[in-house]
Amino acid sequence: MGQNITPPSPSERFTLRALGVADAEQLHALELQPAMLHGNPSAPYPTLEKTRTRLAKVPSPGVAIAAVSGDILIGFGEMIRGTLRRAHTAKIAVGVHEAWHGRGVGSALIAEMLDLADHWLGLRRVELNVFTDNLPALALYRKYGFEVEATHRAAALRDGVLIDSYFMARLREPMPFATDQNNEHEQREV
Numbered sequence: 001m002g003q004n005i006t007p008p009s010p011s012e013r014f015t016l017r018a019l020g021v022a023d024a025e026q027l028h029a030l031e032l033q034p035a036m037l038h039g040n041p042s043a044p045y046p047t048l049e050k051t052r053t054r055l056a057k058v059p060s061p062g063v064a065i066a067a068v069s070g071d072i073l074i075g076f077g078e079m080i081r082g083t084l085r086r087a088h089t090a091k092i093a094v095g096v097h098e099a100w101h102g103r104g105v106g107s108a109l110i111a112e113m114l115d116l117a118d119h120w121l122g123l124r125r126v127e128l129n130v131f132t133d134n135l136p137a138l139a140l141y142r143k144y145g146f147e148v149e150a151t152h153r154a155a156a157l158r159d160g161v162l163i164d165s166y167f168m169a170r171l172r173e174p175m176p177f178a179t180d181q182n183n184e185h186e187q188r189e190v
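Residues in the sequence shown are numbered from 1 upward in steps of one, following UniProt numbering.
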C-alpha cells in the first residue's frame with residue numbers, strides 16, 4: 001500500500017506549491033501509507049475518485065499546499081477557513097511521506113499555512129485534531145504555538161482499540177472576551 005519512494009539523501013531538497021486535482025493519484029498513494037492511515041481518523045481504503053473529488057472541491061477560501069521533491073509529492077497541508085461567526089478561524093491538516101519524516105517538510109507546511117493565516121487571511125485562530133499518541137506531531141504543533149484545549153476521549157477506533165485525540169489551537173494574539181469589557185455592550189443606552 002502507498003507510494004514507493006526511495007529514502008531521500010541528506011542534501012535532497014523540496015519545494016512548496018499549490019496542491020491540485022493533477023496530484024490526486026500521488027496524494028491517494030501517500031494517504032494509503034501505514035503511518036498515514038495510523039494517524040488519520042478517516043476509514044482506510046478511500047477511493048481515488050474520492051481523493052479527486054476532495055481536491056476539486058477545496059472550499060474557497062481554503063488552501064491546499066503540496067510539498068514536492070522534483071515531481072514527487074512528499075507531503076501536503078490543507079487549511080479550511082471558518083465561515084460567518086467563525087470567519088476568524090481555520091482548521092488545518094498535514095501529512096508527510098514516511099521517508100521524509102524529520103526532514104522539515106511538516107514544519108515548512110505548517111509555517112506556510114500560518115503565514116497565510118496571519119498575513120494574508122487575517123485569521124486569529126488556527127485549529128487541528130491529533131491523536132494523543134502521535135508524539136512527533138504533538139512536538140511539531142507545540143513548536144508553532146499550538147496548545148491542547150480539549151481531549152476527545154475514545155475519539156476514533158484504530159486497530160480495534162478506541163483512542164483519544166487532542167483538539168489543539170493556536171491564537172495569533174489574545175482576543176478580548178465580552179466579560180473582559182465589563183459588559184459595556186449590555187449597559188449602553190439607546
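All residues carry an ideal CB built from backbone N, CA and C; glycine is no exception.
Helix, strand or coil at Leu121 [DSSP, three-state]:
Position 121 of the sequence shown, counted from the start, is the residue given in the question as residue 121. Correct three-state label for Leu121: coil.
Whether Leu73 touches Ala64 by CB criterion (7 Å):
Taking the sequence shown and counting its residues from 1, one reaches residue 73 at position 73. Taking the sequence shown and counting its residues from 1, one reaches residue 64 at position 64. Cβ atoms of Leu73 and Ala64: not closer than 7 Å.
With a CB to CB cut of under 7 Å and the five nearest residues on each side skipped, what residues in its chain are close to Tyr141?
Stepping through the sequence shown from its first residue, residue 141 is reached at position 141. Counting only Cβ-Cβ distances below 7 Å, and skipping sequence neighbours, we find Leu128, Val130 and Met168.
Would you mind working out which of Asn134, His97, Thr47 and Ala111 sits nearest Gly75, comparing C-alpha positions?
Within the sequence shown, the letter at position 75 stands for residue 75. Minimum Cα distance to Gly75 is reached at His97.
Report the rounded CA-to-CA distance for Leu19 versus His119, giving the unit in angstroms.
Stepping through the sequence shown from its first residue, residue 19 is reached at position 19. Stepping through the sequence shown from its first residue, residue 119 is reached at position 119. Taking the straight line from one Cα to the other gives about 20 Å.
Could you check which residue in Gly106, Ile92, Ser165 and His152 has the C-alpha nearest to that of Val58?
Here residue 58 refers to the residue found at position 58 when the sequence shown is read from its first residue. The option with the nearest alpha carbon to Val58 is Ile92.
Below 7 Å between beta carbons: does that hold for Met36 and Gly77?
Along the sequence shown, read from residue 1 onward, the residue named residue 36 stands at position 36. Along the sequence shown, read from residue 1 onward, the residue named residue 77 stands at position 77. No, Cβ-Cβ distance for Met36 and Gly77 is not below 7 Å.
Please identify the residue among Gly106, Leu116 and Thr15 whose C-alpha is closest to the C-alpha of Gly70.
For the purposes of this step, residue 70 is taken as residue 70 along the sequence shown, with counting starting at 1. When only C-alpha atoms are compared, the closest one is Thr15.
Exposed unless 16 or more other CB atoms sit within 10 angstroms - verdict on Gly106
Residue mapping note: residue 106 aligns to position 106 of the sequence shown, counting from 1. Counting Cβ neighbours within 10 Å, Gly106 comes out buried, since at least 16 surround it.
In whole angstroms, what is the alpha-carbon distance linking Ile80 and Arg86?
Taking the first residue of the sequence shown as position 1, residue 80 is located at position 80. Taking the first residue of the sequence shown as position 1, residue 86 is located at position 86. Answer to the nearest angstrom: the Cα atoms are 11 Å apart.
Below 8 Å CB to CB, which residues in the same chain sit around Arg124 once its five sequence neighbours on both sides are set aside?
As a working mapping, residue 124 is identified with position 124 in the sequence shown. Counting only Cβ-Cβ distances below 8 Å, and skipping sequence neighbours, we find His88, Thr89, Leu171, Arg172, Glu173 and Met175.
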